[in-house]
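A.B. asks: Following this message is one structure expressed as structure tokens.
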Amino acid sequence: MAEPRAADRFLLLCLRCERRVLARDEWIGREVQCPHCGAVLLVPPRAPDDRPVMAAAPSVAPRRNFTFSCQRCGCLLEAHTGLSGQAGSCPTCAVRFYVPHINPDTGMPFPTRLLDTEQADPTPMHAYAASGHQAPQLRRRPDGEMEIECPRCHARCPVDAHTCKACGTPFTMDAAPTMDKIRTDSRATAALILGILSVPFFFTVVTPVLAVIFGLISVFSPGGEVSPRAIVGLVLGAIALAMTVFLFLP
């Protein structure tokens with residue numbers, strides 16, 4: 007008599023040895039290893055009548071790394087295409103989601119689909135931007151003062167530091183990279199580049215105007231610190247505009 011199986015488990019057949027392998031519903035779409043012959047299998051959806059289903063062959067395409075943002079807190083996350091469609095959780099706000107697939111037309115990830123359906127924001131696990139072994143560790147110096155040890159480069163930083171001074175790894179949630187911060191940073195960089203170009207090419211008018219526009223957008227972006235690059239680009243663009251006005255005035 008066959009042993010009863012849990013409701014979330016089903017049988018699949020190995021492609022190589024054709025022996026039965028017990029799989030879980032949460033493994034659908036993942037690559038697993040056959041316990042009998044060691045072959046790598048892709049877990050397919052279970053059959054409607056709960057009969058054993060033949061495992062699928064794993065993808066031979068090279069895996070591509072990509073970044074996407076958490077739909078709940080905006081924290082920037084990283085994954086590879088082999089994880090697309092699998093369940094995951096944000097290390098910052100602990101919300102659960104499905105890792106998005108890559109849009110073949112644009113090369114950008116689709117919007118992240120959340121597994122958690124509650125409307126209220128979940129309570130963050132702690133003040134750090136990562137959890138578990140990825141979280142920064144507190145170390146005590148011989149003089150009794152506490153320091154933060156970076157989990158990436160193991161550099162020691164002051165206990166009140168938000169980022170690692172050596173490699174830039176965020177320690178706290180306030181310093182965690184978000185899509186809004188990246189957009190603000192890119193606008194500041196654009197303002198700086200356009201501002202530098204606007205000085206020798208002030209007579210084009212368009213370049214200094216764009217430098218001023220990108221600088222103003224970056225400076226007045228909500229929820230972020232003012233970037234020095236945006237200020238420099240804004241000032242250079244304003245100087246170039248002033249030069250243009252004085253040049254073309256009668």
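Okay, so the sequence shown: first residue is 7 according to our numbering, each after it adds one.
Yeah, the Cβ is synthetic: ideal placement off N, Cα and C, and Gly gets one too.
Because the structure is a prediction, the values reported are computed rather than measured.
1. Out of Phe72, Gln143, Met60, which has the shortest C-alpha to C-alpha gap to Thr112?
2. Just the Cα atoms here: how many angstroms apart are Arg22 and Ala63?
3. How many angstroms separate the CA atom of Ala3 from the CA atom of Arg162?
4. State the DSSP-derived secondary structure class of Arg193, mapped to helix, strand or coil.
5. Roughly how far, in whole angstroms, is the beta-carbon of Gly94 from the beta-carbon of Phe103, given that I think they are within contact range, below 8 Å?
6. For Cys20, which residues from the same chain have a beta carbon less than 7 Å from its beta carbon, with the 5 sequence-adjacent residues on both sides left out?
7. Per the DSSP calculation, Val59 is bridged to which residue(s)?
8. Hey, quick one: how far does the alpha helix (DSSP H) through Pro214 stretch, first residue to last?
9. Using a 10 Å radius around the Cβ and a threshold of 16 neighbouring Cβ atoms, would you call Gly239 buried or exposed?
10. When the Cα atoms are used, what is the spatial distance from Leu216 to Arg193?
11. Please report how far the alpha carbon of Pro164 lies from the alpha carbon of Glu153, in whole angstroms.
12. Report buried or exposed for Ser65, applying the criterion of at least 16 other Cβ atoms within 10 angstroms of its Cβ.
13. Where does the unbroken beta strand (DSSP E) through Pro164 begin, and where does it stop?
14. Can you check which of these residues, Pro110, Thr210, Ser75, Leu222, is closest to Val251 by C-alpha distance?
15. By the three-class DSSP mapping on this structure, what secondary structure does Gly94 have?
16. How would you call Gly150, buried or exposed, if buried means at least 16 neighbouring beta carbons within 10 angstroms?
17. Measuring CB to CB, does Pro58 end up less than 8 Å from Leu18?
18. The beta strand (DSSP E) spanning Met152 covers which residue range?
19. Just the Cα atoms here: how many angstroms apart are Phe207 and Pro50?
C.D. replies: The answer reads as follows:
1. Phe72
2. 10 Å
3. Residue 3 falls outside the range modelled here, since the chain spans only 7 to 256, and no answer is possible.
4. helix
5. 6 Å
6. Val27, Cys40, His42, Cys43, Ala45, Leu47, Ala61
7. Leu18
8. 212-225
9. buried
10. 11 Å
11. 5 Å
12. exposed
13. 162-164
14. Thr210
15. strand
16. exposed
17. yes
18. 152-155
19. 60 Å
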